[in-house]
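Residue numbers (our numbering), protein chains in the order written: chain Y, 1099 to 1376; chain X, 15 to 306. All C-beta atoms in this analysis are idealised placements derived from N, C-alpha and C, irrespective of residue type, glycine included. Worksheet: one structure, shown below.
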Amino acid sequence: FSGRKTIDRELFDELEEILITSDVGVAATRRLLNNLEERVERESIQELEILYKMLEEEIIGLLSIPAEPLDPNRADPFVIMVVGVNGVGKTTTIAKLANHWKTEGKKPLVVAGDTFRAAAIDQLAMWAERVGVPIIKQRPGADPSAVVYDALDAAVSRGYDLVIIDTAGRMHTKSNLMEELKKIRRVMAKKIPEAPHETFLVLDATTGQNAYSQVKTFKEEISISGLILTKLDGTAKGGVVIGICHEFGIPIRFIGVGEGIEDLRPFQPELFAKALLG
Amino acid sequence: GLTSRFEKIFKYLRGQGKLTESNIKEALREVRLALLEADVHYRVVRDFVKNIEERAIGQEVLSSLTPGQQVIKIVHEELIALLGGTPAKLQLDGPPPVPIMLVGLQGSGKTTTAAKLALMLKKERRSPCLVPADIYRPAAIDQLKVLGSQINVPVYPSQKDLKPEEIVRDAINFCKSNNCDTIIVDTAGRLHIDEPLMEELQRLKQILEPREILLVVDAMTGQDAVKVSETFHEALGITGVVLTKLDGDARGGAALSIRAVTGCPVKFVGIGEKLDAIEIFYPDRMSSRILG
Ligand SMILES: Nc1nc2c(ncn2[C@@H]2O[C@H](COP(=O)(O)OP(=O)(O)OP(=O)(O)O)[C@@H](O)[C@H]2O)c(=O)[nH]1
Ligand SMILES: Nc1nc2c(ncn2[C@@H]2O[C@H](COP(=O)(O)OP(=O)(O)OP(=O)(O)O)[C@@H](O)[C@H]2O)c(=O)[nH]1
Ligand SMILES: [Mg+2]
Ligand SMILES: [Mg+2]
């Protein structure tokens, strides 16, 4: 912290700038700093290191959502649906997830549920080949629900124990596209009543406050069980997730830290908080 | 939005008799809040509010019958001026084929925007060609080929075992022999902190000598917009910005941050996934959107 030695108004202004420029957002920043100020007063904190540690702990607390550990063994096949707005990293993340669970002994099947965007099916097919997992796909323009139904059928009959479904990117503000996702879920349930066992919303770490709107709408429309935060290998801090976790109580399961197959990490609040406060 | 927030403040203020400077500063705090919530960069907001403060606490507001509306008018005017006043055009002068290069972070919308620009130019009676220079992302070349065929625009037949430099060099000849007057090069998404990939862009620029280097930026980009645009601008000399995905509900404050810090004008906005979903950037519409 710029060689500052005392805990004063200027220090708190500096903390405000650090938090806001990390996309924590105004409301969440205010809450964090008000709580911090109260503690400093109440416990008469004088050392900077202790203040820093307190802020870190506060952030970690907000990010630590009490949730069941993610366990793909609790159903066979275990079905995961991946959703999110355009370009956030869904398809690439699915390749990483398939690879991750393949190395843990699962038999993943990926599903080309994006039948709309140019070369989306080819993109996932290339990834599937690289990872060494089977893919269910149809022609571009096919009904995504039909592809998904086929895939669940194949999973059951061919013994794939993990199914990861790619969907087309979509703006949460487009109700017809949100309806399409709901339809996919209804169709899934016809084949496997509990499916999808997990629905992951992918968020891009470079996104600012609009992430709130994305989470809120996707949650209301199709219910989200987990978040994945991508592109944390850039300079964006993804601070918006602090308020999101606090408000919606959805756990962040993984983070994306690059464009390669191995660039997936389980989300760890402590590391995230440390990186944010830099 | 800001209007309703101001109404609350100024209703309360009117009840206090004569309007004072500190009353106006309350309103300016609301402006600051609105801009930060719209993802405008922290420092850009600080400078912007400081710059309008003088006008805001002046006579035009203090002696106005509708001080709230007066402050909003000032904020709007200053935002529009900062965003560029009048729409900035695509520069297509020079001997054909006029080169345009698209750059930006991963997933921002470059490939789609390349095809949108090609369609737009085609409607303006130009004959563009598209060049896929992304050899890294799986099926990236296919993606641009599919889009090109949808709008009947020639696409250079890139192969992923070639270097982007070789592709661009050969594509210029391909373009000339196809009588294209504009060559639109789509590059791979990359991080501004990836030095080898930023150097690749500098080499492509040397070969292509683009008339326009457009930075494609996602409208939902937050505070990172400043670092990203500064770095790309420093490395290449950005001539314009395309702000994509404005059909969502992101406020788009990144537009203001980028313009304020780099001076680069937003030239186009992407407003959907279809290839006709591109528009000229209008500063007044953006100002209203940012203020919310
Ligand atoms: N640096 C970085 N790039 C990433 C990461 N995850 C994905 N990407 C890149 O982001 C771009 C978009 O990724 P996709 O997987 O196509 O994103 P998507 O959400 O499926 O996109 P749509 O299907 O078009 O909505 C690609 O260039 C990826 O390589 C990450 O963690 N870090
Ligand atoms: N809704 C909406 N989607 C857009 C817009 N522009 C692009 N997209 C979508 O955003 C996603 C990413 O677009 P791409 O063109 O693949 O992005 P890119 O920058 O080329 O990605 P990389 O090459 O991986 O860096 C795709 O799903 C596009 O259809 C837009 O203006 N609105
Ligand atoms: Mg995809
Ligand atoms: Mg691309």
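I'd like to know whether the C-beta atoms of residue 195 (chain X) and residue 113 (chain X) end up nearer to each other than 8 Å. no
Ignore the nearest five residues each way along the sequence and tell me which others in residue 118 (chain X)'s own chain have a CB closer than 7 Å to its CB. 124, 203, 229, 230, 231
Secondary structure, beta strand (DSSP E): runs of 3+ residues fully inside the stretch 1282–1369 of chain Y: 1296–1302, 1324–1328, 1350–1354, 1362–1364
Is there at least one non-hydrogen atom of ligand 2 closer than 7 Å to the beta-carbon of residue 1191 (chain Y)? no
Amino acids of chain Y, ordered along the chain, whose beta-carbon sits closer than 7 Å to that of residue 153 (chain X): 1217, 1220, 1221, 1224
Opposing strand residues paired with residue 293 (chain X) [DSSP bridges]: X:283
How would you write the range of the alpha helix (DSSP H) that residue 1253 (chain Y) sits in, first residue to last? 1242–1256
Give me the Cα-Cα distance between residue 201 (chain X) and residue 1335 (chain Y), rounded to the nearest whole angstrom. 25 Å
How is the beta strand (DSSP E) around residue 235 (chain X) delimited, first residue to last? Premise fails: residue 235 (chain X) is in no beta strand (DSSP E) and is neither H nor E.
What does DSSP give as the partner residue(s) for residue 199 (chain X) in the beta ladder? X:115, X:145
So residue 67 (chain X) contacts chain Y; which residues on that side make the cut at Cβ distance below 7 Å? Result: empty, since nearest Cβ-Cβ is about 18 Å, beyond 7 Å.
Using the Cβ count rule (16 or more neighbours within 10 Å means buried), how would you classify residue 1347 (chain Y)? exposed
At least 3 beta-carbon pairs within less than 8 Å: the stretch 239–249 of chain X vs the stretch 269–289 of chain X: yes
Between residue 12 (chain X) and chain Y, is there a C-beta pair that is closer than 8 Å? Outside the displayed range of chain X (15 to 306) lies residue 12 (chain X), so it cannot be described from this structure.
Please classify residue 1308 (chain Y): is it buried, with 16 or more other beta-carbons within 10 angstroms of its beta-carbon, or exposed? buried
With residue 82 (chain X) as the anchor, note down where its alpha helix (DSSP H) starts and where it stops. 81–97
Simplified DSSP assignment, three categories, for residue 226 (chain X): strand
Considering only the alpha carbon of each residue, which of Y:1276, Y:1190, Y:1318, Y:1322 lies closest to residue 1264 (chain Y)? Y:1190
Note down, one range per segment and in chain order, each alpha helix (DSSP H) of at least 4 residues found wholly within the stretch 1122–1149 of chain Y. 1124–1140
Please compile the residues from chain X whose C-beta is within a distance smaller than 9 Å of the C-beta of residue 1307 (chain Y). 50, 51, 52, 53, 234, 236, 264, 265, 267
Residues in the stretch 157–177 of chain X with C-beta within 7 Å of chain Y's C-beta atoms, listed in sequence order? 157, 160, 161
What's the C-alpha gap between residue 142 (chain X) and residue 254 (chain X)? 19 Å
In whole angstroms, what separates the C-alpha of residue 1338 (chain Y) from that of residue 1327 (chain Y)? 11 Å
Nearest CA to the CA of residue 1266 (chain Y): which residue from Y:1106, Y:1208, Y:1180? Y:1180
Count the other CB atoms within 10 Å of the CB of residue 170 (chain X); is the residue buried (16 or more) or exposed (fewer)? buried
Is the beta carbon of residue 1175 (chain Y) less than 8 Å from the beta carbon of residue 1213 (chain Y)? no
State the Cα-Cα distance for the pair residue 284 (chain X) and residue 1172 (chain Y), rounded to the nearest angstrom. 43 Å
Kindly list, in the order they appear in chain X, the residues whose Cβ is closer than 9 Å to that of residue 1121 (chain Y). 53, 236, 237, 238
Neighbour flag for residue 1126 (chain Y) against chain X, beta carbons, 8 Å: no
What three-state label does DSSP hand residue 1206 (chain Y) in the structure shown? strand
Supposed contact pair residue 1296 (chain Y) and residue 1323 (chain Y) - C-beta distance, whole angstroms, cut 8 Å: 5 Å
Would you grab the beta carbon distance between residue 100 (chain X) and residue 256 (chain X) for me? Rounded to a whole angstrom, and I think it's under 8 Å. That belief does not hold up - the Cβ atoms of residue 100 (chain X) and residue 256 (chain X) are roughly 18 Å apart, past 8 Å.
Beta-bridge partners of residue 1179 (chain Y), as assigned by DSSP: Y:1263, Y:1297
According to DSSP, is residue 1163 (chain Y) part of a helix, a strand, or is it coil? coil
Option in X:87, X:174, X:157 with minimal Cα separation from residue 70 (chain X): X:87
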